[in-house]
Amino acid sequence: MMRYSRYAGTSNIGVFTAVNESVAFIAADAAPEFVKDVEEALQVKTKLMTVAGSFVIGSLVVMNSNGAVVSGLADEREIGMIEEFIHCTPIDDPLNAAGNNILANDSGAIVNPEYSEELAKVISDALGVECVRAPIAGINTVGSICRVTNKGCVCHADASDEDIDLIKDVLKVEAIRSTVNHGARMVGAGILANSKGALIGDDTTPIEMGKIEEGLVLY
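Take the sequence shown: its position 114, counted from the start at 1, is 106 in this note's numbering, and no numbers get skipped.
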């Protein structure tokens, strides 16, 4: 299922929610209509919360089916809320916005190349997958410019053929270049998805929607 949605007046819905195959963590001030969209399109349980007192959950949390990685700024109560659903590992690094800096599914992870080998190993252990440090489209914040599931990937329109090959090699899915929300290249900010469905920002054009549907293999 694909559905248009909007969070608190913005089409950048991916900034405010982190999702895997079974659960979505949503900004605590989300409207009931948005929560319903997430539950119905992605077929997941939902939990309203903050991370580090912030509503930008999607920027600060990344998950697959094996675990979650969260900003080290999260407090014990917030980590505990995540732990009710899935094992959670906080990262203590200046680049602690895990959702922006890590692109992951159940097969692999590509992370900000500025991360140390030691931190990449921590992330690998937390998510239970191979972890490779590399940019995509020349951009280090790989989680913000791509959206990946266990079935497919949509990535920044400037991704090179080598980037597409890297995604296929590490994440074991094909990738389609696209924009979202009428030309925005930060596709991770405008899409929420798992293998069962997707929510896309409601500024997305029909042409973009078709590419996203193809990239995430939701037809």
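We put the CB at the ideal spot given by N, CA and C, even for glycine.
A quick note: this is a predicted structure, and the numbers were derived from the prediction, not measured.
| Query | Result |
| --- | --- |
| Less than 8 Å between the beta carbons of residue 118 and residue 59, yes or no? | yes |
| If you draw a straight line from the alpha carbon of residue -7 to that of residue 190, how long is it in whole angstroms? | 6 Å |
| Taking Cβ to Cβ, would you say residue 179 is nearer than 8 Å to residue 124? | no |
| Between residue 164 and the rest of its own chain, which residues show a CB-CB distance below 7 Å, the 5 nearest in sequence each way excluded? | 99 and 100 |
| By the DSSP assignment, the beta strand (DSSP E) with residue -3 in it spans what residues? | -6 to -3 |
| By how many angstroms is the C-alpha of residue 84 removed from the C-alpha of residue 187? | 30 Å |
| Could you give the C-beta distance for residue 134 and residue 207, rounded to a whole number, given that I count them as a contact under 8 Å? | Not quite, the Cβ-Cβ distance comes to about 15 Å (not below 8 Å), so this is no contact. |
| Assign residue 87 to one of three DSSP states: helix, strand, or coil. | coil |
| Should the region 5 to 18 be regarded as contacting the region 34 to 41, the criterion being three or more beta carbon pairs within less than 8 Å? | yes |
| Which word fits residue 175, buried or exposed, when buried means at least 16 other C-beta atoms lie within 10 angstroms of its C-beta? | exposed |
| Within a Cβ cutoff of 6 Å, which residues of the same chain sit near residue 159, ignoring the five residues on either side of it in sequence? | 145 and 167 |
| Pull up the DSSP beta-bridge partners for residue 38, would you. | 16 |
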